[in-house]
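Everything below concerns the one structure shown next.
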Amino acid sequence: MKTIDKVDDVMRHTFSAPLLVVALLLAAAAPKAIGQDEKADWGNYRPSYKACADKADTTVAINSCIGDEYKYQDKRLNDTYKALSTSLDDTRRIALRDEERDWIARRDKACKPNSDGGTAALIDSGSCTLKWTAERVKELASRTGNKAVSAANASAIAGDWGYRTDCGFGHYVNVTVSKAEPEAEGTWADGTRNGGDQGKFKGQWRDGKLYVRFCSDDPQNGDFPACPAYDDGAAYVSPQGKQLVWFQKSGKAYDRYVALDRVPKGGKAPLDTHCKDDDR
Numbered sequence: 006m007k008t009i010d011k012v013d014d015v016m017r018h019t020f021s022a023p024l025l026v027v028a029l030l031l032a033a034a035a036p037k038a039i040g041q042d043e044k045a046d047w048g049n050y051r052p053s054y055k056a057c058a059d060k061a062d063t064t065v066a067i068n069s070c071i072g073d074e075y076k077y078q079d080k081r082l083n084d085t086y087k088a089l090s091t092s093l094d095d096t097r098r099i100a101l102r103d104e105e106r107d108w109i110a111r112r113d114k115a116c117k118p119n120s121d122g123g124t125a126a127l128i129d130s131g132s133c134t135l136k137w138t139a140e141r142v143k144e145l146a147s148r149t150g151n152k153a154v155s156a157a158n159a160s161a162i163a164g165d166w167g168y169r170t171d172c173g174f175g176h177y178v179n180v181t182v183s184k185a186e187p188e189a190e191g192t193w194a195d196g197t198r199n200g201g202d203q204g205k206f207k208g209q210w211r212d213g214k215l216y217v218r219f220c221s222d223d224p225q226n227g228d229f230p231a232c233p234a235y236d237d238g239a240a241y242v243s244p245q246g247k248q249l250v251w252f253q254k255s256g257k258a259y260d261r262y263v264a265l266d267r268v269p270k271g272g273k274a275p276l277d278t279h280c281k282d283d284d285r
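Going by my numbering, the sequence shown opens with residue 6, and the numbers climb by one from there.
Take a look at the structure:
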């Protein structure tokens, strides 16, 4: 499809720009080591990139390491994207295209260099772009290999879910998955008798888990941006047995937040009366 091919062109153009800027502006700049964030993710890169980075002692050398690895990861990303795209029907292919455009916008925002940061900010921008690209390759590759698992999980979570307890100030959660794949959509509400928040969510399947991004109908009540803007994603849900378990990001890990039960049509979630049960 021409629309999909056009997305590939957009991807290549936007990926290349930050590194081109770094190459032009850092040729005679002072040395700087590659940031610790990049060193923490060597598993996403080739061994040759780590070897190059360890030896680099000038900004020209650092930029060369980043540039070489970026070219490799950029090609992998486009190849992986095309492989996933061609395996989908028209509806899912268009959804993937829109998802990729959204990802590009978020990556550009995250990796935009600080105008007052000098050469260090430009190298950080290039490293950030490389990191996002390598992580996106890993994500799309996992989805290419786990489409059957994702489809089964998507079918399992569609519909209404909830949790409620009257213990303490109470806790009441409702999640409705109106669209389960290829990009999930729905509504959510979470609160106590003292107040709460509600809004919409979007989600993407990775390794059998639905990673979600939230927006709020009333952002003054919570931590999420006003709809239709969405947060960067700090949670996922996973079908486990007859429940849908919500995990919330805490540092670099995800902690279990609440387990939701199926809500019958026109009914309510089962009432949890185990007030000292730390598992819910």
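Where a beta carbon is used, it is the ideal one built from N, C-alpha and C, also for glycine. Source: prediction; values computed, not measured.
Same chain, Cβ closer than 6 Å to R97, five either side skipped, listed in chain order
For the purposes of this step, residue 97 is identified with residue 92 of the sequence shown, where counting begins at 1. So the qualifying residues of the chain are P187.
Euclidean distance between Cα positions of R148 and I67:
Stepping through the sequence shown from its first residue, residue 148 is reached at position 143. Stepping through the sequence shown from its first residue, residue 67 is reached at position 62. Rounded to the nearest angstrom, the two C-alpha atoms are 32 Å apart.
Quick check: the Cα distance between Y177 and D79, rounded to an integer number of angstroms?
Taking the first residue of the sequence shown as position 1, residue 177 is located at position 172. Taking the first residue of the sequence shown as position 1, residue 79 is located at position 74. Cα to Cα, Y177 sits roughly 44 Å from D79.
Going by DSSP in three states, A66 sits in which element: helix, strand or coil?
The count along the sequence shown starts at 1 and reaches residue 66 at position 61. Helix, per DSSP.
Closest to V263 by C-alpha separation, out of G200, S160, Y241, would be which residue?
Counted from its first residue, the sequence shown places residue 263 at position 258. Checking every option, the nearest Cα to that of V263 belongs to Y241.
With H, G and I counted as helix, E and B as strand and the rest as coil, what does DSSP make of D42?
On the sequence shown, residue 42 is found 37 positions in, with the first residue counted as 1. With a pLDDT of 44 at D42, under the threshold of 50, the modelled position of this residue cannot be trusted; read the value that follows with caution. Helix.
Just how far apart, CA to CA, sit A56 and K117?
As a working mapping, residue 56 is identified with position 51 in the sequence shown. As a working mapping, residue 117 is identified with position 112 in the sequence shown. Roughly 27 Å between the two C-alpha positions.
So E188 is in the alpha helix (DSSP H); what residue range does that whole segment cover?
Numbered from 1 along the sequence shown, position 183 holds the residue referred to as residue 188. Note, E188: premise wrong, no alpha helix (DSSP H); beta strand (DSSP E) at 188-197.
Take P269 and list the residues in its own chain whose beta-carbon comes closer than 6 Å to its own, dropping the five residues that flank it on each side.
Position 264 of the sequence shown, counted from the start, is the residue given in the question as residue 269. Once the five neighbours on either side are set aside, P269 has no close Cβ partner at all.
Would you call the stretch 190-203 and the stretch 166-175 touching, i.e. three or more CB-CB distances under 8 Å?
yes
Please go through the same chain and pick out, in chain order, the residues whose beta-carbon is closer than 7 Å to the beta-carbon of Y50, but skip the five residues on each side of it.
Within the sequence shown, the letter at position 45 stands for residue 50. Cβ neighbours of Y50 beyond the five flanking positions: E74, A139.
Span of the beta strand (DSSP E) holding C220?
For the purposes of this step, residue 220 is taken as the residue at position 215 of the sequence shown. First-last of the beta strand (DSSP E) with C220: 214-221.
Going by the beta-carbon positions, is the gap between L265 and W166 smaller than 8 Å?
By 1-based counting over the sequence shown, the position of residue 265 is 260. By 1-based counting over the sequence shown, the position of residue 166 is 161. Contact flag set, yes.
Taking A240 as part of the alpha helix (DSSP H), name the residues at either end of that continuous run.
If you number the sequence shown from 1, residue 240 lands on position 235. Where A240 is concerned, there is no enclosing alpha helix (DSSP H), although the beta strand (DSSP E) it sits in stretches over 240-245.
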